[in-house]
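The structure appears below as structure tokens.
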Amino acid sequence: MLAGCTPAAPVPSPTPTTAAPKPTPMPTPTPTVAVASLTIPACDVLLPIATARDLFSDSTELLAENPASEFSGRLMVPSITTVLSTASPTRSCFWGIPSSDGLFQVVVTGITTAEVATLQGELAAAAYAQTTMGTVTAFELEGMNEVGSVGTTHLFTGTTWILVDGSSSSFSGAVAGQVLDALRTANPTLGL
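All residue numbers for the sequence shown refer to the working numbering, where the first residue is 392 and numbers rise by one.
Dropping the structure here:
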């Protein structure tokens, strides 16, 4: 070796390097859309007694609140009892004149879109008159029983169903309209 020259340091052979593992991307969760649930006010808020008296009789009282599954009105379509047995939320209210046969019933419930379609199809097949105004579809039927005239109104808006069983379709329609107004007040974000 020549003076002043030093041997070159040995160059180490490159060692294979392992690439750092790439992080596995986490799936982005599907955002959950919060759907407001239906709030059904108490019977005396759905139809205040003063309104019930104006529409029916000065002697009208709120008689009872029963489970909707025990609806005892006119069952002219097969699915009413089936739907009411599983619907949620529900409220079923009876108003009438104490110690008389004068009474009417209001049922309010949240149901599925499939149940809406089934009920509407059966009501149309049972010769109920149908009217649609905006987001509300009404089915009404008038008839007679051993006591006098009877009338039933079904209102559907979205998946909310209002059923009024009373003395005439004009009466049951007026009651259903009042109940719908109370539901809209209680559920301002549902677009009823």
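Every residue gets a Cβ at the ideal spot worked out from N, C-alpha and C, and that includes glycine.
Separation of residue j from residue i, as counted between CA atoms
i    : j    : result
M417 : T509 : Residue confidence is low: M417 scores 49 on pLDDT, short of 50, so the model does not pin down where it sits. Its coordinate-derived value is still stated next. Distance between the alpha carbons of M417 and T509 is about 42 Å.
P489 : S448 : 11 Å
S561 : G534 : 12 Å
A517 : T526 : 22 Å
Residue of the options minimising C-alpha distance to residue i
i    : options                   : result
M524 : A443, L546, G539 and E537 : L546
T543 : F530, T550, S483 and G582 : F530
V507 : S491, I553 and F462       : I553
L453 : L494, S476, S463 and N536 : L494
T551 : E461, Q569 and T481       : T481
Contact under 7 Å by Cβ, residue i with residue j
i    : j    : result
I431 : V474 : no
A573 : V436 : yes
A478 : T442 : no
V498 : A459 : yes
S540 : S558 : yes
V538 : L438 : no
Residues of its chain near residue i, where Cβ-Cβ distance is below 6 Å and the 5 sequence neighbours each way are ignored
i    : result
S450 : I488
C434 : L453, E456 and C484
S476 : S460
T522 : A529
Beta-carbon proximity list for residue i, same chain, < 7 Å, skipping 5 on both sides
i    : result
E513 : V468, P469 and S470
R575 : L583
Other residues of its chain near residue i: CB distance less than 8 Å, five sequence neighbours each side excluded
i    : result
A577 : T430, I431, P432 and V436
Every unbroken alpha helix (DSSP H) inside the stretch 424-512 [4 residues or more]: 434-437, 440-446 and 470-477
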